[in-house]
Structures are given as C-alpha cells and as structure tokens.
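Structure first, then comments.
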Amino acid sequence: MRISVLGVGFDNITMDQAVAEGVRLMDTAGAHYAVTPNPEIVEVCREDPEALEAVNGADLVLADGIGIIYGAKMLGTPLKGRVTGIGFAQNLMGRMAENGKSLYLLGARPGVAEKAAERLRSQYPGLRIAGTHDGYFQEDAPVTEAIRESGADVVFVCLGAPKQEKWMKKNGGATGARLLVGLGGCLDVFSGEVQRAPEVFQKLGLEWLHRLAKNPSRIGRMMKLPLFLVHAAGAKRRQS
Ligand code: UDP
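Residue numbers for the sequence shown follow our numbering, so the first one is 1 and each next one is one higher.
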C-alpha cells in the first residue's frame, strides 16, 4: 500500500522488505525502476507534472530522508521508517554479489563511475560490474545500447533528480535491464570523491546538515525542506 505525502505515493516498507522487493523485481521479466525521493524531490514534483508522473510510476518508491518521515507523521499517515537510497543500494549489491548478478553504473562526472566500479568490486566480492558511463551525454540511444550490450541485470542511474526519474521512465525498457535505481549523488560517494556523513549524523537523520556544511552552495536547494514542512502542515490543516 502506498502512502501519499503531498501527492507522491511512498511504499510503506522497511529496508529489509525493500531489498526483498528489489531482488524480486530483478528476477521478474520486464523493466522496473525504483526511486528514492527526499523532500526536495517532492517539492519539485509539486511543480513539475512530468517529474510527478515519473516518480509515481516507479515500481518502488522509497522514503529517502527524515523529512519524508516527519511529513507523513504530520499528515497522520506515518511510514514504517526511512529507507535511504544509499543503504538500499548497498544491501542490493550484497544480494547481487551472492546471486552473481551484474550491475551497470550510469552517471556523475567522467571517471567517477569507473572509480566507483573499482572500489565496489573489492567491497562486494562476486559483484559483476557490467559497465560504466558518465552522466553528461547528449543522446540517450548510444547509452541504452551500451547498457543492453553489457547484459546488465541492474542499473544505478545517478543523474540527479528529477532528470534520473524521467530518464528511467523513458529509457528503462530500452536498456534490457530488469531493475533501474535512481540514486542521485551515490556514485560520488561510492567512488570516494565525496565522504558520507559520519554515522552519528546518519543515525540522527542529519545527513543533510553535514552535506550543507561541506557544500554551502546547496543552501538554495535545501530551503525546499522547510517549504516542504510548511506545505505538509497546510495539507494537514485542510484535512481537519
Ligand atoms: N549528474 C549527472 N548528469 C547531469 C547532472 C548531474 O551525471 O546531467 C550527476 C552529478 O555529477 C552528481 C549527481 O548527478 O554525481 C547528482 O548529485 P546530487 O548530490 O545533486 O544528487 P542528490 O543525491 O542530492 O539527489
């Protein structure tokens, strides 16, 4: 069952359930895709119907970000918990390594996906990296063709939101992969180019604060978080 938070329908599931569903999707014929919206993306979806359609059209919609959990609670329809995109990706790679599945890494600046591939191969022995491609391309067809030729089961699509969600909806089928996952800046982290927040920040749901401290130019984007909470409060008032 999905829970709507300002129009975006989130799957009300735990991390374990999300990973099990991801594994099921990669064993099911046809192309599927997963998205991991945070409050910033929900705000984008409120203004961009194409983004909303791409997000709600996903086979898995995971609540990435503590703001979504607060928003759902404020609206009186709490979610089971946060399922971060990066945590989901890590758990999925663990399962893929056990099952001999192959992964294609798409996105980020030239060189980053290759670096991520190298590190992931050693972190997840048995994980097959089918190929990589940077995220700054003009035409989709050569990229979908390269993925198809690689025979990848899963593609991590890291083009930033809402570009990656629209890309997966439009091009998922052409890649021949069973599961595509939209993961924002994850390749930057997997490559070691960007450090993830220390665990204490992660546990407290304060990763956004760490990212802001490291990169103050994100402030414009981050102002969408308070805006999201204001909109959630407004929606609650209209409910009662
Ligand atoms: N990116 C890309 N192609 C583009 C625009 C962005 O590959 O046309 C990449 C960018 O290099 C970065 C990621 O997409 O690796 C977006 O990272 P960001 O931290 O903004 O994403 P978030 O995790 O906040 O959604």
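Built from N, CA and C at the ideal position, the CB exists for glycine as well. It should be emphasised that the depicted structure is a prediction, and the values quoted were computed from it without experimental measurement.
Inset, instruction - Pull up the CB-CB distance for Cys158 and Gly192, whole angstroms please, since I reckon it's below 8 Å. - result: The pair is not a contact, with the Cβ atoms about 15 Å apart (cut-off 8 Å).
Inset, instruction - Just mark Arg211 as buried or exposed, buried being the case when its beta carbon has 16 or more other beta carbons within 10 Å. - result: buried
Inset, instruction - State yes or no: is the C-beta of Tyr70 nearer than 8 Å to some heavy atom of the ligand UDP? - result: no
Legend entry - Own chain, CB closer than 8 Å to Leu229, minus 5 neighbours either side, in chain order: Result list for Leu229: Pro39, Gly67, Tyr70, Gly71 and Met74, in chain order.
Legend entry - Start-to-end residues for the alpha helix (DSSP H) that takes in Val200: Glu199 to Lys203
Inset, instruction - Pull up the CB-CB distance for Val79 and Arg46, whole angstroms please, since I reckon it's below 8 Å. - result: It should be pointed out that residue 79 corresponds to Leu in this sequence rather than to Val. About 19 Å separates the Cβ atoms of Leu79 and Arg46, ruling out a contact at the 8 Å cut-off.
Inset, instruction - Sort out for me which residues DSSP pairs Ala34 with in a bridge. - result: Leu60 and Val181
Inset, instruction - Run the proximity test for Val83: is its beta-carbon closer than 8 Å to any non-hydrogen atom belonging to the ligand UDP? - result: no
Inset, instruction - Flag Lys163 as yes when its Cβ comes closer than 8 Å to any non-hydrogen atom of the ligand UDP, and as no otherwise. - result: yes
Inset, instruction - Grab the span of the alpha helix (DSSP H) containing Phe265 for me, first residue to last. - result: As shown, the chain starts at 1 and ends at 240. That puts residue 265 outside it, with no answer to give.
Inset, instruction - Taking only heavy atoms of the ligand UDP into account, decide whether any of them is closer than 8 Å to the Cβ of Leu183. - result: It does: the Cβ of Leu183 is within 8 Å (strictly closer) of some heavy atom of the ligand UDP.
Legend entry - C-beta atoms of Met96 and Asp140 nearer than 9 Å: no
Inset, instruction - Pull up the DSSP beta-bridge partners for Asp11, would you. - result: The partner list for Asp11 (beta bridge, DSSP) reads Arg2.
Inset, instruction - Give a yes or no on contact between the stretch 85-93 and the stretch 175-189, applying the rule of three or more CB pairs nearer than 8 Å. - result: yes
Legend entry - Cutoff 7 Å; reference Phe190; Cβ partners in own chain excluding five residues on either side: Ala116, Arg119 and Leu120
Inset, instruction - Using 8 Å as the cut-off, classify the Cβ of Cys45 as near or not near the heavy atoms of the ligand UDP, replying yes or no. - result: no
Inset, instruction - Confirm, please, whether the CB-CB distance from Val83 to Ala63 is below 9 Å. - result: A Cβ-Cβ contact shorter than 9 Å links Ala63 with Val83.
Inset, instruction - For Tyr33, verify whether its CB is less than 8 Å away from any heavy atom of the ligand HEM. - result: This structure lacks the ligand HEM; the ligands present are the ligand UDP.
Legend entry - Euclidean distance between Cα positions of Leu103 and Val61: Between the C-alpha atoms of Leu103 and Val61 there is a straight-line separation of about 20 Å.
Legend entry - Coil, strand or helix - Arg121 by DSSP: Note: Arg121 maps to helix in three-state DSSP.
Legend entry - Check: Leu227 C-beta below 8 Å from any heavy atom of the ligand UDP: no
Inset, instruction - Go through its chain and collect everything with a Cβ distance to Gly57's Cβ below 6 Å, but skip five positions before and after it. - result: Lys169
Inset, instruction - Can you tell me which of Ala161, Gly173, Tyr124 and Pro125 puts its alpha carbon nearest to the alpha carbon of Gly107? - result: Ala161
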